[in-house]
Amino acid sequence: MSATAEIHDHDDHDVHHHKETFVTKYIFSQDHKMIAKQYLITGTIMGVIGVLMSLMFRMQIAWPEKPNVLFEALLGKWAPEGVMDADIYLALVTIHGTIMVFFVLTAGLSGTFSNLLIPLQIGARDMASGFLNMISYWLFFLSSVIMVISLFVEAGPAAAGWTIYPPLSALPMAQGGSGMGMTLWLVSMAIFIASSLLGSLNYIVTVINLRTKGMSMTRLPLTIWAFFVTAIIGVISFPVLLSAALLLIMDRSFGTSFFLSDIFIQGEVLHYQGGSPVLFEHLFWFLGHPEVYIVLLPALGITSEIIATNSRKPIFGYRAMVASILAIAFLSTIVWGHHMFISGMNPFLGSVFTFTTLLIAIPSAVKAFNYITTLWKGNLQLNPAMLFSIGLVSTFITGGLTGIILGDSALDINVHDTYFVVAHFHLVMGISALYGMFAGIYHWFPRMFGRMLNKNLGYLHFWVTAICAYGVFFPMHFIGMAGLPRRYYTNSNFPLFDDTADANVVITMFALIGGVFQLVFLYNFFRSIFYGKKAEQNPWRSNTLEWTAPVKHMHGNWPGKIPHVYRWSYDYSKPGHDEDFVPQNVPMKEGEEELHH
Amino acid sequence: MTTLLIFIIVLFVAIAIWQMVKIFDLAQIGGSSNQVASDKDNTFNGYMMIGFLIFIYAITIASFVYLGDLPLVSNSASAHGPGLDNLMIISMILIFIVQTITQFLLHYFAFKYKGEKGRKALFYADNNTLEAIWTIIPVIVLAGLIIYGLFTWNDIMNIDEDEDPMVIELYAQQFNWKARYSGADNVLGKANVRLIDIDRANILGVAEDDINAQDDVIVTELHLVVDKPVLFKMRSQDVLHSAYMPHFRAQMNCVPGMVTQFGFTPTVTTAEMRQNPDIQDKVANINELRLENREEIEERGQDLRYEFDYLLLCNKICGKSHFNMQMKIIVETQEEYDAWMATQKTFPNSLLN
Ligand code: HEM
Ligand SMILES: [Cu+2]
Ligand SMILES: [Cu+2]
Chain W
1 MSATAEIHDH DDHDVHHHKE TFVTKYIFSQ DHKMIAKQYL ITGTIMGVIG
51 VLMSLMFRMQ IAWPEKPNVL FEALLGKWAP EGVMDADIYL ALVTIHGTIM
101 VFFVLTAGLS GTFSNLLIPL QIGARDMASG FLNMISYWLF FLSSVIMVIS
151 LFVEAGPAAA GWTIYPPLSA LPMAQGGSGM GMTLWLVSMA IFIASSLLGS
201 LNYIVTVINL RTKGMSMTRL PLTIWAFFVT AIIGVISFPV LLSAALLLIM
251 DRSFGTSFFL SDIFIQGEVL HYQGGSPVLF EHLFWFLGHP EVYIVLLPAL
301 GITSEIIATN SRKPIFGYRA MVASILAIAF LSTIVWGHHM FISGMNPFLG
351 SVFTFTTLLI AIPSAVKAFN YITTLWKGNL QLNPAMLFSI GLVSTFITGG
401 LTGIILGDSA LDINVHDTYF VVAHFHLVMG ISALYGMFAG IYHWFPRMFG
451 RMLNKNLGYL HFWVTAICAY GVFFPMHFIG MAGLPRRYYT NSNFPLFDDT
501 ADANVVITMF ALIGGVFQLV FLYNFFRSIF YGKKAEQNPW RSNTLEWTAP
551 VKHMHGNWPG KIPHVYRWSY DYSKPGHDED FVPQNVPMKE GEEELHH
Chain B
1 MTTLLIFIIV LFVAIAIWQM VKIFDLAQIG GSSNQVASDK DNTFNGYMMI
51 GFLIFIYAIT IASFVYLGDL PLVSNSASAH GPGLDNLMII SMILIFIVQT
101 ITQFLLHYFA FKYKGEKGRK ALFYADNNTL EAIWTIIPVI VLAGLIIYGL
151 FTWNDIMNID EDEDPMVIEL YAQQFNWKAR YSGADNVLGK ANVRLIDIDR
201 ANILGVAEDD INAQDDVIVT ELHLVVDKPV LFKMRSQDVL HSAYMPHFRA
251 QMNCVPGMVT QFGFTPTVTT AEMRQNPDIQ DKVANINELR LENREEIEER
301 GQDLRYEFDY LLLCNKICGK SHFNMQMKII VETQEEYDAW MATQKTFPNS
351 LLN
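First to last, the protein sequences are chains W and B.
Heads up: the first sequence begins at 1 in the UniProt record's numbering, then just goes up one per residue.
Heads up: the second sequence begins at 1 in the UniProt record's numbering, then just goes up one per residue.
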């Protein structure tokens with residue numbers, strides 16, 4: 001790794017000495033900027049699939065068991081005469097969850113922005129290992145392909161929920177989707193985890209080793225802190241999911257009993273003895289909970305950067321922000337049991353997890369307050385990236401607050417696995433992280449493609465999305481508190497819930513409008529790649545290093561010397577300077593102090 | 001029919017969007033094609049922020065007005081219910097206050113400090129006092145909630161054996177529930193899925209030679225005695241299920257290979273609950289809605305009229321018919337219960353040949 005770095009560190013770095021073919025430039029590229037784009041495009045395609053699925057099962061919930069031309073067209077044999085089948089409902093929910101969490105908001109978000117920004121913002125020629133980086137992307141691509149192929153298997157795709165709890169996920173006789181569909185799901189996820197680990201290791205090594213002169217850890221932009229810590233959480237927790245998946249594969253295919261015991265199904269007793277599904281739940285959530293921070297922290301990092309830049313103010317409480325990222329990362333690995341209060345584990349453990357879970361609200365609150373204070377007395381540039389960042393803070397607060405209820409073991413008894421949970425996690429993790437991703441795209445699009453996204457379409461996109469997101473997920477809290485369980489194909493067998501039906505129709509309406517309006521974004525995105533207005537070098541007047549590098553495709557990022565860094569990245573509106581920003585590579589004036597320590 | 005309507009609507013929306021996209025696109029070509037936010041943009045979006053704040057408040061109020069009577073935060077039917085509901089209401093009020101204030105600050109600041117050319121922001125990077133304040137306040141509030149929560153939790157989960165609860169097994173299988181009463185000895189006979197004998201109708205795998213099993217009673221409708229503590233022992237024969245009894249604020253997963261438990265004391269009989277004015281309102285409302293959908297409901301072969309009953313539902317994804325895995329619960333007086341129990345077969349008598 002250091003070999004490449006050294007070669008590239010020649011002062012008179014020659015841009016053109018790598019012979020590039022179409023294949024090495026666009027397909028098997030080892031350049032971090034190109035890999036970022038590959039992640040972004042793949043993630044976007046998966047996102048379209050995931051959202052389409054959610055719109056389909058939302059329509060089923062609103063108008064249960066009604067024929068629907070869309071179902072007939074898209075689901076084929078799974079929607080005889082256009083009526084959605086109950087098995088495929090669960091499959092759609094499962095694959096929607098899997099795709100959104102892993103493929104869009106882990107790979108699509110971290111993969112895009114960690115790759116794009118880590119080298120550019122710390123002042124490195126590329127990732128520590130461009131080759132591993134390329135492998136990481138292609139493994140992700142492979143896992144995406146396998147996940148999509150799994151949609152077409154005879155007995156249906158995996159349908160045991162994105163949490164794939166055994167025995168349901170282990171026994172093909174328990175559910176059609178637990179046959180070939182689940183096998184492909186597990187294979188896809190195993191490859192995905194390998195991809196994620198390669199990526200994370202690369203990010204960690206790069207941040208530790210390849211920072212340019214002057215870029216001390218306390219001068220790192222918060223984006224980099226967030227990506228760095230996210231990668232560490234990933235390296236700690238993803239292997240545990242991998243082992244859970246491997247043990248599940250053993251149980252499924254080789255007759256072991258890690259998670260299974262005493263099962264009688266379809267008229268026969270199975271041989272399994274001595275395993276426990278609760279063990280699987282522990283292993284799953286040991287990744288599963290950190291995973292929500294793997295999804296969320298990069299979004300928060302992006303938001304920190306964008307809010308500071310567009311407030312034309314330093315981020316408030318840089319050290320507290322770093323400390324809270326670290327605290328969240330640490331606590332996130334010891335709260336997984338809050339998903340298992342009523343799993344049958346010892347109630348005393350439940351108490352412990354309630355305690356650790358509510359602790360995590362503290363650094364989260366600190367972050368929210370610091371964002372708000374950063375806005376205070378700023379000179380806010382309300383461009384689309386900034387709007388999505390403010391939107392993120394809003395949904396993060398709304399969704400985070402209900403965590404106080406779910407994290408409380410006593411209260412969880414009655415709302416566990418209801419729509420209350422669906423509302424909570426979509427707001428705090430799903431929508432927040434999605435906003436972070438959108439914010440990042442609007443902000444760094446000029447850096448990626450050298451062109452600007454149309455701002456007016458951006459405003460339209462944000463405001464409709466913001467309204468629809470609350471329209472979909474806010475009322476869900478109430479039907480959840482009415483006791484409506486999630487993952488129900490229809491509620492029509494429970495007259496008890498008839499009075500939630502109208503709310504479900506309204507929710508679906510908001511979902512459809514919000515979903516359709518994402519087309520505005522897609523149109524803006526793909527059109528602007530080719531026809532957008534040419535971007536200036538530093539359109540947002542930002543301090544970070546990526547805006548000092550030329551946009552045109554080039555390996556090694558900077559044509560000459562890598563810039564040196566003399567200050568943190570948040571010297572916005574600093575007294576004593578004429579401009580309201582002072583890039584990191586501008587030396588300190590005589591007598592100027594670094595104010596944040 | 002509805003779908004056709006939806007598609008027409010979606011089509012119109014799509015056309016409208018297309019028009020809007022064109023307009024927004026054109027708007028930019030004429031004017032300055034600079035894609036950085038101008039003062040005009042900042043002003044527009046600043047006002048939108050206030051609009052959005054109002055929208056958040058409005059949707060909150062609308063949800064409370066239209067859906068506010070749905071949440072189960074009153075009329076619990078178990079001894080521990082009111083304590084839990086109290087905690088829920090306290091947490092909700094707290095959340096509501098924090099939500100109202102923080103959303104106000106966020107959106108109001110976004111409006112108030114919307115950018116203007118030439119203005120300079122305040123360079124304000126740190127304030128340890130402020131940081132300390134908003135660390136310590138959540139600490140105190142959360143400490144209170146944690147302590148209250150843990151007392152409530154321990155209260156619910158620690159089963160007091162001295163109260164001599166009635167022991168009942170809840171047995172889950174794809175996709176229905178059974179209950180097994182432990183009989184006069186109040187001890188459940190041993191059971192294991194390996195003892196299941198479908199031919200003899202021993203569907204729960206109860207050990208036939210266990211003396212404790214001789215007075216066990218297996219039923220498909222759960223009857224409980226008002227004010228008498230019950231201790232449920234949960235089992236599942238195939239996949240995970242979750243025994244969810246929302247009116248009693250009770251839930252516990254059923255896990256193959258192990259026995260889980262949950263105990264509570266029902267405090268309101270089914271008959272009393274049906275007389276509760278809140279419940280009567282709810283039922284009347286539901287029946288009105290059902291009348292509107294009469295055709296559909298009759299097509300499905302369901303009763304048109306809804307009458308309140310306690311329910312046990314499955315709340316853990318368990319396969320195709322997860323959405324229809326339920327058992328009726330009836331809470332009644334001791335006499336009614338005794339009369340019902342007298343009509344049930346004991347386990348040995350329920351076996352075939
Ligand atoms: C178009 C926007 C979206 C809509 C309308 C939507 C709707 C829903 C609904 C209603 C459910 C619950 C279904 C059920 O339990 O029966 C669900 C499940 C889920 N959604 Fe979304 N969602 C959207 C976007 C997202 C995003 C951005 C994420 C990213 C985290 C996400 C992640 C999940 C997950 C993890 C599940 C759980 C799947 C499971 O139960 O196995 N969704 N979605
Ligand atoms: Cu969690
Ligand atoms: Cu179920």
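Note that CB positions come from ideal geometry on N, CA and C, so glycine has one too.
Quantities reported herein were computed from a predicted structural model and do not represent experimental measurements.
- One finds nothing in chain W with a Cβ atom closer than 7 Å to the Cβ of residue 340 of chain B; even the nearest lies about 23 Å away.
- Approximately 19 Å separates the beta-carbon atoms of residue 344 of chain W and residue 418 of chain W; this is outside 8 Å, ruling out the contact.
- Taking a contact to require three or more Cβ pairs closer than 8 Å, the segment 313-320 of chain W and the segment 117-126 of chain B qualify as touching.
- In the structure shown, residue 197 of chain B adopts extended strand secondary structure according to DSSP, grouped into three states.
- At a Cβ-Cβ threshold of 8 Å, residue 226 of chain B and residue 333 of chain B count as neighbours.
- Judged by pairs of C-beta atoms under 8 Å, the segment 146-156 of chain B touches the segment 81-91 of chain B, as three or more such pairs exist.
- A contact is defined here as three or more CB-CB pairs under 8 Å, and the segment 287-300 of chain B fails this definition with respect to the segment 226-243 of chain B.
- Taken in chain order, the unbroken stretches of beta strand (DSSP E) that lie wholly in the segment 116-197 of chain B and span 3 residues or more are 166-173, 176-181.
- Looking at the DSSP output, residue 260 of chain B bridges to B/234.
- Contacts between residue 282 of chain B and chain W, judged by CB atoms closer than 8 Å, involve 499 in chain order.
- Residue 103 of chain W is not bridged by DSSP to any residue.
- Taking a cut-off of 8 Å on C-beta distances, the segment 100-116 of chain B touches the segment 43-53 of chain B, as three or more cross pairs fall below it.
- Counting only residues of its own chain and dropping the five nearest sequence neighbours on each side, residue 32 of chain W has a CB closer than 6 Å to the CB of 115, 119, 126, 127.
- Under the 8 Å Cβ criterion, the segment 388-404 of chain W counts as touching the segment 348-368 of chain W, having at least three qualifying pairs.
- Within the segment 230-316 of chain W, no beta strand (DSSP E) run of at least 3 residues lies entirely inside it.
- Here residue 50 of chain W is not near residue 108 of chain W, since their CB atoms are 8 Å or more apart.
- For residue 381 of chain W, the CB contacts under 6 Å within the same chain, skipping 5 residues up- and downstream, are 310 in chain order.
- Of the candidates B/18, B/152, B/212, the residue whose Cα lies closest to the Cα of residue 347 of chain B is B/212.
- Within chain W, 379 have C-beta atoms less than 9 Å from the C-beta of residue 116 of chain B, given in sequence order.
- Per DSSP, the unbroken alpha helix (DSSP H) holding residue 518 of chain W starts and ends at 501-531.
- At a cut-off of 8 Å between beta carbons, residue 332 of chain W makes no contact with chain B.
- Taking all protein chains in view, the Cβ of residue 160 of chain B is surrounded by fewer than 16 other Cβ atoms within 10 Å, so the residue is classified as exposed.
- Taking one beta carbon from each stretch, the segment 236-251 of chain W and the segment 211-225 of chain W have fewer than 3 pairs nearer than 8 Å; the two do not touch.
- When secondary structure is reduced to three states using DSSP, residue 419 of chain W falls in the helix class.
- Looking from the CA of residue 58 of chain B, the closest CA among W/471, W/83, W/519, W/372 belongs to W/471.
- Remark: fewer than three beta-carbon pairs, one from each stretch, lie closer than 8 Å, so the segment 432-447 of chain W and the segment 179-186 of chain B are not flagged as touching.
- Within chain B, no C-beta atom comes nearer than 9 Å to that of residue 302 of chain W; the closest sits roughly 17 Å away.
- At a cut-off of 7 Å, the beta-carbon of residue 325 of chain B counts as near ligand 3: some heavy atom of the ligand is closer than that.
- For residue 183 of chain W, no Cβ of chain B is located within less than 8 Å of the residue's own Cβ.
- For residue 241 of chain B, the shortest C-beta to heavy atom distance toward ligand 3 is below 7 Å.
- Beta-bridge annotation (DSSP): residue 322 of chain W is not paired with any residue.
- Chain-ordered, the chain B residues with CB closer than 8 Å to the CB of residue 160 of chain W read 317.
- Residue 83 of chain B and residue 458 of chain W have their alpha carbons spaced roughly 48 Å apart.
- Chain B places no beta carbon closer than 8 Å to that of residue 584 of chain W, leaving this residue out of the contacts.
- Against chain B, the CB of residue 230 of chain W has no partner CB under 8 Å away; the residue lies outside that interface.
- The nearest non-hydrogen atom of ligand 3 is 7 Å or more from the C-beta of residue 416 of chain W.
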